[in-house]
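K.L.:
Residue numbers (the numbering used here), protein chains in the order written: chain H, 2 to 372; chain X, 2 to 372.
Here it is in structure tokens:
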């Protein structure tokens with residue numbers, strides 16, 4: 002691939018998040034994909050999961066993604082992708098299909114290991130809400146490394162493989178305090194959640210080194226190995242300057258969700274913030290390539306004011322925000338929008354108004370985004 | 002709505018056809034939605050159906066349909082929409098959602114009753130393959146009339162209601178002989194299929210009159226009542242000239258599937274055929290408004306030659322076919338493409354090559370179609 006990454010995430014396909022596909026959680030008490038598997042009758046669970054996977058992302062979506070101008074898809078996959086962690090259902094078949102679709106339509110694939118057993122962040126999208134104990138279980142760390150090498154072996158010779166991201170959003174100490182994940186994502190099993198703690202940078206440096214060593218052995222030089230920044234883009238200078246890596250990339254995620262002072266938020270505020278982030282990306286890019294692996298147009302300003310804005314005003318706002326964002330991400334190696342599609346209904350559930358901006362397929366259709 | 006109908010069918014959403022969503026029939030011996038319900042465990046069946054409905058067509062699709070330039074959606078619904086025919090699962094909730102989405106994005110809805118108990122055509126899309134006995138069961142004819150009046154009562158005041166089509170594709174005698182539906186769609190239960198026969202025009206005239214009388218009582222004058230032509234566009238002159246109808250429309254379906262002499266088929270052949278169909282539509286339009294409620298770009302010529310054609314040649318072929326088709330349909334009141342989206346995989350199942358032309362969302366993305 003030449004030039005910047007113009008990418009999109011296939012979120013909510015192989016890794017579920019309730020807020021993105023709420024109707025998949027109808028008729029269950031589950032808040033995340035972990036309990037969904039335990040709460041349901043196995044046969045019914047299988048139908049739900051397999052039907053969703055067969056319907057939500059298909060060949061047609063790859064056609065549309067390519068024709069929209071994207072060049073890489075980032076595909077979040079769960080740790081149980083190989084089908085060896087019951088009661089969860091593997092999804093290697095689906096990933097195989099995706100690789101074939103990608104190749105057919107000139108797209109590349111970044112495989113993103115999005116979850117780990119006992120979770121690396123306590124988020125709903127880490128698989129099990131309110132629990133963050135993966136790094137404390139050496140056998141599960143080894144399991145994850147093993148999943149990564151198995152993925153590398155399977156796809157290493159595939160022209161469509163862009164690279165492998167070893168772990169999505171491990172939550173590091175400072176961000177743990179800011180986000181307070183167990184408050185936002187209440188654990189259902191308090192006992193299981195006990196002892197949850199952030200992933201330290203010391204652990205993460207070692208884990209990334211180990212993952213790199215194992216994957217670089219397997220992957221050809223042109224396949225990237227991608228590390229998430231643990232929500233702290235500026236903590237990696239020493240790591241990358243003191244070590245030798247070939248074809249690695251640092252993934253950083255940026256959402257416009259501040260919420261501390263919504264009155265202060267407006268387009269100029271967002272633009273200034275994005276500009277500042279762009280400067281950081283530029284600085285870090287001097288010692289490691291940086292990609293913004295998740296971002297979107299969703300923002301409080303539109304949520305608050307949309308009802309008083311004309312369609313043209315909303316479009317102009319999003320267009321300006323899109324441009325400022327992409328300008329920032331292109332200080333590095335480009336971006337992956339979060340996400341391609343989500344099933345949120347803003348018409349029948351007006352509380353969702355504005356959340357359609359998370360869905361780039363709608364953003365493109367409405368003229369809010371131009372890849 | 003002003004001007005011609007530029008419509009699209011939401012096929013394979015509330016009425017299933019195995020060929021359109023083959024993976025929904027994985028893990029079952031079923032060939033149609035009738036046996037799917039009987040072959041599966043009820044809870045697993047419910048998950049499959051509800052998950053498919055919640056994922057396949059969503060608000061985002063209405064956004065994209067409107068932004069593509071369509072103005073009406075034709076929504077096939079099954080006779081069990083009200084949930085009163087076990088083991089089938091009703092879908093009134095989904096139709097309600099669709100009306101709300103349509104209204105929000107400036108689209109109108111033609112409700113199309115696509116199936117009847119014991120089927121009106123023996124097609125897979127009639128609900129039960131190889132059986133055609135609905136017209137022989139007066140209590141089921143009454144049941145269908147009752148479904149129609151219930152639909153009319155529910156949506157009569159909805160601004161988004163374009164109209165109601167009383168029954169899709171009843172198979173009349175001459176076409177029965179040509180299609181030989183029980184050969185193409187083999188009945189699973191031979192005993193049940195016994196006695197299947199085409200729907201006579203005499204029956205159909207009476208049924209349409211009765212449906213009209215009951216619906217016109219309920220629906221405001223601006224809501225259309227639509228009759229399918231039973232695959233014979235030229236059989237309706239007497240019917241419409243001898244009777245008094247307000248705001249009715251004749252629906253005619255035209256596919257480019259000849260197959261009798263594939264060597265003869267080329268673009269000029271198709272164009273000539275479409276031109277001739279357009280002339281018929283123009284003639285019939287003198288006594289009743291005509292809409293082409295189903296058609297698509299799929300054709301044998303592309304299936305046969307695609308592998309020797311460049312992408313640009315394929316696009317040029319489809320563009321010319323699109324134009325010739327729409328020119329023909331616009332001799333009447335316009336068209337509904339069949340279909341908006343289907344899950345066929347042409348990459349992983351190369352036998353499907355060319356079938357992506359049935360999927361207008363892909364046709365638009367690839368530049369084959371311009372609404």
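Heads up, the beta-carbon is just placed ideally off N, CA and C, and yes, glycines get one too.
Could you give the residue range of the alpha helix (DSSP H) that holds residue 363 of chain H?
P.N.:
Counted from its first residue, the first chain places residue 363 of chain H at position 362. Looking at the DSSP string, the run of the alpha helix (DSSP H) that includes residue 363 of chain H is 361-366.
K.L.:
Quick one: which residues of the segment 98-118 of chain X get their C-beta closer than 9 Å to a C-beta of chain H? List them in chain order.
P.N.:
From the segment 98-118 of chain X, only 98, 101, 102, 104, 105, 106 have a Cβ closer than 9 Å to chain H.
K.L.:
Any beta-carbon of chain X closer than 8 Å to the one on residue 229 of chain H?
P.N.:
In the first chain, counting from the first residue as 1, residue 229 of chain H sits at position 228. Not closer than 8 Å to any Cβ of chain X, the Cβ of residue 229 of chain H fails to qualify, so no.
K.L.:
Taking a contact to mean a Cβ-Cβ separation below 8 Å, would you say residue 162 of chain X touches residue 227 of chain X in this structure?
P.N.:
On the second chain, residue 162 of chain X is found 161 positions in, with the first residue counted as 1. On the second chain, residue 227 of chain X is found 226 positions in, with the first residue counted as 1. Not closer than 8 Å, so no.
K.L.:
Report the rounded CA-to-CA distance for residue 149 of chain H versus residue 208 of chain H, giving the unit in angstroms.
P.N.:
As a first step, residue 149 of chain H is located in the first chain; it is residue number 148 there, counting from the start. As a first step, residue 208 of chain H is located in the first chain; it is residue number 207 there, counting from the start. For residue 149 of chain H and residue 208 of chain H, the distance between alpha carbons rounds to 12 Å.
K.L.:
What residue ranges within the segment 228-302 of chain X form continuous alpha helix (DSSP H) runs of no fewer than 4 residues, ordered along the chain?
P.N.:
238-243, 268-285, all fully within the segment 228-302 of chain X.
K.L.:
So who's on the other strand from residue 10 of chain H, going by DSSP bridges?
P.N.:
As a position in the first chain, residue 10 of chain H is number 9, starting the count at 1. Answer by DSSP bridge pairing, in chain order: H:75.
K.L.:
Spell out whether any CB of chain H is found under 8 Å from the CB atom of residue 59 of chain X.
P.N.:
Residue 59 of chain X sits at position 58 when you count from the first residue of the second chain. So, interface residue.
K.L.:
Give, in chain order, every unbroken run of the alpha helix (DSSP H) that is at least 4 residues long and sits entirely within the segment 152-206 of chain X.
P.N.:
As far as the segment 152-206 of chain X is concerned, its whole alpha helix (DSSP H) runs of at least 4 residues are 174-180, 182-185, 191-194.
K.L.:
For the beta strand (DSSP E) holding residue 109 of chain X, just list the boundary residues, first then last.
P.N.:
Looking up residue 109 of chain X in the second chain gives position 108. Segment 109-114, the beta strand (DSSP E) holding residue 109 of chain X.
K.L.:
In this structure, what does DSSP give as the bridge partners for residue 226 of chain H?
P.N.:
In the first chain, counting from the first residue as 1, residue 226 of chain H sits at position 225. Residue 226 of chain H pairs with H:165, H:249.
K.L.:
Tell me the DSSP secondary structure of residue 1 of chain X in three-state form.
P.N.:
Because chain X spans 2 through 372 in this model, residue 1 of chain X falls outside it and cannot be assessed.
K.L.:
Is the CB-CB distance between residue 382 of chain X and residue 29 of chain X below 8 Å?
P.N.:
What the structure shows of chain X is the stretch from 2 to 372, and residue 382 of chain X is not part of that stretch, so it cannot be assessed.
K.L.:
Name the chain H residues whose beta carbon is nearer than 7 Å to that of residue 349 of chain X?
P.N.:
Taking the first residue of the second chain as position 1, residue 349 of chain X is located at position 348. Simply 98, 101.
K.L.:
Could you run through the segment 24-49 of chain X and flag, in chain order, every residue whose CB is less than 9 Å away from some CB of chain H?
P.N.:
Under the 9 Å Cβ criterion, the segment 24-49 of chain X contributes 24, 25, 27, 28, 41, 42, 44, 45, 46, 47, 48, 49.
K.L.:
Where does residue 335 of chain H fall in DSSP's three states?
P.N.:
As a working note, residue 335 of chain H is residue 334 in the first chain. DSSP places residue 335 of chain H in strand when its eight states are reduced to three.
K.L.:
Indicate the three-state DSSP secondary structure (helix, strand or coil) for residue 61 of chain H in the structure shown.
P.N.:
One-based indexing of the first chain puts residue 61 of chain H at position 60. Looking at residue 61 of chain H - three-state DSSP - the assignment turns out to be helix.
K.L.:
Check whether the Cβ atoms of residue 356 of chain X and residue 345 of chain X lie closer than 8 Å to each other.
P.N.:
Along the second chain, read from residue 1 onward, the residue named residue 356 of chain X stands at position 355. Along the second chain, read from residue 1 onward, the residue named residue 345 of chain X stands at position 344. Cβ distance < 8 Å, so residue 356 of chain X and residue 345 of chain X count as in contact.
K.L.:
If the cut is a Cβ gap below 9 Å, which residues of chain H does residue 344 of chain X touch?
P.N.:
If you number the second chain from 1, residue 344 of chain X lands on position 343. Simply 55, 56, 59, 60, 61.
K.L.:
By DSSP, does residue 32 of chain H sit in helix, in strand, or in coil?
P.N.:
Within the first chain, residue 32 of chain H is the residue found at index 31, counting from 1. Coil.
K.L.:
Determine, using beta carbons only, whether residue 366 of chain X comes closer than 8 Å to chain H.
P.N.:
Translated into the one-based positions of the second chain, residue 366 of chain X becomes position 365. Output row for residue 366 of chain X: interface = yes.
K.L.:
Please confirm whether residue 113 of chain H and residue 77 of chain H have their CB atoms less than 8 Å apart.
P.N.:
Translated into positions along the first chain, residue 113 of chain H becomes position 112. Translated into positions along the first chain, residue 77 of chain H becomes position 76. Closer than 8 Å, so yes.
K.L.:
Could you confirm whether any beta carbon from chain X is found closer than 8 Å to the beta carbon of residue 313 of chain H?
P.N.:
Stepping through the first chain from its first residue, residue 313 of chain H is reached at position 312. No, its Cβ sits nowhere closer than 8 Å to a Cβ of chain X.
K.L.:
Just the Cα atoms here: how many angstroms apart are residue 9 of chain H and residue 43 of chain H?
P.N.:
Taking the first residue of the first chain as 1, we reach residue 9 of chain H at position 8. Taking the first residue of the first chain as 1, we reach residue 43 of chain H at position 42. Each residue's alpha carbon lies about 32 Å from the other.
K.L.:
Whole angstroms are fine: how far does the CA of residue 57 of chain H sit from the CA of residue 57 of chain X?
P.N.:
To locate residue 57 of chain X, count along the second chain from 1; it is residue 56. To locate residue 57 of chain H, count along the first chain from 1; it is residue 56. C-alpha separation (whole angstroms): 7 Å.
K.L.:
Looking at residue 12 of chain H: is its Cβ nearer than 8 Å to the Cβ of residue 79 of chain H?
P.N.:
For this step, residue 12 of chain H is matched to residue 11 along the first chain. For this step, residue 79 of chain H is matched to residue 78 along the first chain. No. Outside cutoff.
K.L.:
Is the CB of residue 65 of chain H under 8 Å away from at least one CB in chain X?
P.N.:
Here residue 65 of chain H refers to the residue found at position 64 when the first chain is read from its first residue. Closer than 8 Å: yes.
K.L.:
Considering only the beta carbon of each residue, do residue 213 of chain X and residue 124 of chain X sit closer than 8 Å?
P.N.:
As a working mapping, residue 213 of chain X is identified with position 212 in the second chain. As a working mapping, residue 124 of chain X is identified with position 123 in the second chain. Contact: no.
K.L.:
Quick check on residue 370 of chain H: does DSSP put it in helix, strand or coil?
P.N.:
Start at 1 with the first residue of the first chain, and residue 370 of chain H comes out as number 369. Coil.
K.L.:
Are residue 119 of chain X and residue 135 of chain X touching if we call contact CB-CB under 8 Å?
P.N.:
The count along the second chain starts at 1 and reaches residue 119 of chain X at position 118. The count along the second chain starts at 1 and reaches residue 135 of chain X at position 134. A contact, by the Cβ cut-off of 8 Å.
K.L.:
Against residue 68 of chain X, what residues of chain H qualify as contacts under a CB-to-CB distance less than 7 Å, listed in chain order?
P.N.:
Here residue 68 of chain X refers to the residue found at position 67 of the second chain. Result: 366, 367.
K.L.:
Secondary structure at residue 346 of chain H, three-state DSSP: helix, strand or coil?
P.N.:
Locating residue 346 of chain H in the first chain gives position 345, where the first residue counts as 1. Coil, per DSSP.
K.L.:
Consider the Cβ of residue 52 of chain H: report whether some Cβ of chain X lies at a distance smaller than 8 Å.
P.N.:
The residue labelled residue 52 of chain H in the question sits at position 51 within the first chain. Chain X contact via Cβ: present.
K.L.:
Against chain H, does residue 160 of chain X count as a neighbour if the rule is that its beta carbon must be under 8 Å from one of theirs?
P.N.:
Looking up residue 160 of chain X in the second chain gives position 159. With 8 Å as the cut-off, residue 160 of chain X does not count as an interface residue toward chain H.
K.L.:
Taking 8 Å as the threshold (C-beta atoms), are residue 146 of chain H and residue 211 of chain H in contact?
P.N.:
Looking up residue 211 of chain H in the first chain gives position 210. Looking up residue 146 of chain H in the first chain gives position 145. Yes, the pair counts as a contact, with Cβ atoms nearer than the cut-off.
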